[in-house]
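Take a look at the structure below.
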Amino acid sequence: MWFFSDVATHLSLWLLALPAHLLDFLGLWEPLAMRLFPHFYAKVSIDYHAVMHSYKKKLFSRLSDFAGPSGPLKVLELGCGTGSNFPFYPRGAKVTCTDANPHFQEYLRKSQAENDHLHFEPNLVAPAENLSEVGDASVDVVVSTAVLCSVNSVQKALKEVLRILKPGGAFFFLEHVCADPLTWTYIFQKIYDPSWKCVFAGCNLCRETWKDLEKAPFSEMKLQHIMTPFLWRLMGPHIIGYGIK
Ligand SMILES: C[S@@+](CC[C@H](N)C(=O)[O-])C[C@H]1O[C@@H](n2cnc3c(N)ncnc32)[C@H](O)[C@@H]1O
């Protein structure tokens, strides 16, 4: 049964991707995708967020453990998107939202207004690979959910994370990743990766993100592979956890 639902998903993906591939060929797709993606993501991510809710609740229950002795928890989120993680942050936390795409701001501001238990610093439009506006060792916690799949360089992003974290601070992540190579999911991920990347604004279906996390110089890394029951099996395999600087 799942096989037929996967085939239906894949056919719709191809149909969606056809005009995108054509515009990409003409060099017109990237700026258009940046504008369209936030509206598209706000709609298609509703199911995803519902499935991830329990995982996030458990993961983010540990955020407060990393608050410094002198004041509220300082959180910086990479690729905030529509701001779906804010309800999980502890009351009074100071949150800096960053994203490479300025067209998410409308959704971000709405979500910020709805989460008045938090204090928001000015939003930063900046790629995770270059957070030069953020000081060294200035935040307690960095968060990334479904972002490392899209950055140009996971290694550069992690270097920035380690630079801005205070010693003893933590990087919390929940990311979809490449499946086990001995599975149908892996084969489908490989087949659909180019179309997926086009439709989902640069998102890689088959990234082995855990390898970069394990290589990065965190003093401690708690990383778990999980298979989430997400409707689209292509995005089932995830990694979840945190690394301590
Ligand atoms: C799939 S969305 C996830 C949004 C949000 N983190 C969530 O969990 O709902 C990916 C987000 O990463 C952002 N993004 C993509 N490349 C990025 C980069 N190099 N640096 C920072 N953000 C990036 C996108 O603009 C988008 O907001």
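Counting from 1, position 77 in the sequence shown corresponds to residue 77 in my numbering; the numbering is continuous, with no gaps.
Just so it is clear, CB atoms sit at the ideal spot from N, CA and C, and this is done for glycine as well.
Check	Outcome
Uninterrupted alpha helix (DSSP H) stretches inside the region 91–154 (no shorter than 4 residues)	105–114
Cβ-based burial, TRP210 [other Cβ within 10 Å; buried from 16]	buried
Where LEU223 sits in the DSSP three-state scheme	strand
7 Å Cβ cutoff met for VAL134 and VAL75	no
Given 8 Å, three or more beta-carbon pairs between the region 54–66 and the region 232–243	yes
Coarse secondary structure for PRO237, derived from DSSP in three states	strand
Quiz: which residues have CB nearer than 5 Å to ligand 1 non-hydrogen atoms	GLY79, GLY81, SER84, ASP99, ALA100, ASN101, PRO127, ALA128, THR145, ALA146, VAL147, SER150 and VAL151
Rounded C-alpha distance that separates LEU148 from PHE200	13 Å
Touch test, the region 25–32 against the region 84–101, Cβ-Cβ under 8 Å, three pairs minimum	no
For CYS206, the nearest candidate out of ALA17, LEU234 and PRO229 (CA to CA)	LEU234
Which residues DSSP lists as bridging PHE86, in chain order	In the DSSP output, where bridge partners are listed per residue, PHE86 has none listed.
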